[in-house]
Amino acid sequence: MTTSYRRFMACGLGVLAWCWYTAGDIAAHEPSATSQSSSSGSVQHRSDIAWDAVEWTERRYKIEALGFKAREETGNSWLGGDEVMIHTDDAKGWTVSGQIGGIDSGDAHHFDPAKSCIVPVRPGIVVLGKTSVCDDGGEAAPMSFRVEFWEKDWFGGFGRDFCSPSSPGPGMHAGPYCANDNAGDDFIGRAHIDLSIQDLEAALPNVGDEYIETVVLEQCDSGNSCDATYGPDYSFTYRITRLRDARVGLRPMLDKAMGTIGTYSELDAIAAGLRSLRTPSPRQVEPGVGK
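The numbering of the sequence shown is this note's numbering, which starts it at 23 and goes up by one.
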């Protein structure tokens with residue numbers, strides 16, 4: 023789901039209601055247009071609606087990684103600690119950490135949040151925990167991101183057979199290497215975080231408010247066994263901060279969305295954005311955290 027589509031939820035049904043009311047008022051003064059639309063059995067989309075006049079105040083947020091805990095390391099503890107790498111995905115790209123070694127059961131690792139942005143990351147090549155800095159403008163709700171943990175293969179080692187992804191496009195961000203180099207790395211766990219407008223407004227009612235949540239990673243990877251008898255079992259902690267509100271207009275979003283989906287109708291673009299919204303996925307949150 024693109025950022026342009028997700029942001030339509032901020033105005034959502036209210037914008038649609040306003041658009042249809044305006045279109046209906048125009049059609050009432052143009053009987054011939056209405057008659058033609060009715061006879062053809064289709065809805066006529068008007069191009070003379072004042073889209074530039076639609077503006078609103080948007081709440082903005084940022085999400086930063088705080089750290090993780092190995093509740094149970096990978097395999098038997100006598101084989102040595104885990105060598106962990108973390109990958110995050112969001113609507114504008116992905117980040118990756120460096121290798122974090124010597125992680126045993128019960129160990130915790132803490133990130134510098136000022137260098138561990140997850141959303142919205144400044145464009146370019148970034149490393150989580152080192153150079154991943156948030157964009158000052160923040161991001162509007164709803165927000166979402168994914169995080170994956172991988173344990174580096176002891177025989178491959180960091181730097182050997184490591185994939186080198188291509189540079190990110192304009193306005194995008196990416197890591198300089200992959201968390202999984204497909205050289206025998208072990209999957210640790212993943213989480214998909216969906217944050218709705220309602221959730222964020224309830225948790226962060228004021229500018230400057232912070233909300234911290236710890237999620238337990240899902241241990242199943244596509245095509246892999248989910249047997250966690252000998253681990254791994256990890257949790258991941260992140261922080262959401264409410265930033266200053268921003269005044270935004272609908273016209274730039276419409277232009278971008280229309281170009282993305284290839285339509286000349288503003289209402290088609292809004293409808294496509296609303297259709298792309300999905301129900302937030304549940305997440306397993308550790309008790310006693312998040313406040």
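Just so it is clear, CB atoms sit at the ideal spot from N, CA and C, and this is done for glycine as well.
Please read these numbers as outputs of a predicted model, since none were measured by experiment.
Short Cβ contact (7 Å threshold) for residue i with residue j
i, j, result
"residue 267", "residue 81", "yes"
"residue 123", "residue 95", "no"
"residue 133", "residue 258", "no"
"residue 161", "residue 83", "yes"
"residue 125", "residue 92", "yes"
"residue 107", "residue 201", "yes"
"residue 79", "residue 264", "no"
"residue 217", "residue 280", "no"
"residue 239", "residue 256", "yes"
"residue 254", "residue 193", "no"
"residue 147", "residue 198", "yes"
"residue 142", "residue 157", "yes"
"residue 293", "residue 285", "no"
"residue 237", "residue 305", "yes"
Residue i (DSSP reduced to helix, strand or coil)
i, result
"residue 295", "helix"
"residue 265", "strand"
"residue 222", "helix"
"residue 88", "strand"
"residue 196", "strand"
"residue 217", "strand"
"residue 290", "helix"
"residue 157", "coil"
"residue 314", "An answer regarding residue 314 cannot be provided, because it is not within the stretch 23 to 313 covered by the chain."
"residue 22", "Outside the shown range of the chain, which is 23 to 313, sits residue 22, and nothing can be said about it."
"residue 162", "strand"
Assumed close pair residue i, residue j - CB separation to whole angstroms, cut-off 8 Å
i, j, result
"residue 167", "residue 215", "5 Å"
"residue 87", "residue 135", "7 Å"
"residue 308", "residue 73", "About 45 Å separates the two Cβ atoms, so there is no contact after all."
"residue 261", "residue 234", "5 Å"
"residue 149", "residue 118", "7 Å"
"residue 151", "residue 120", "7 Å"
"residue 211", "residue 241", "5 Å"
Span of the beta strand (DSSP E) around residue i
i, result
"residue 130", "130–132"
"residue 124", "122–125"
"residue 110", "104–112"
"residue 234", "232–238"
"residue 166", "165–173"
"residue 115", "115–118"
"residue 139", "139–141"
Element boundaries [alpha helix (DSSP H), containing residue i]
i, result
"residue 283", "272–283"
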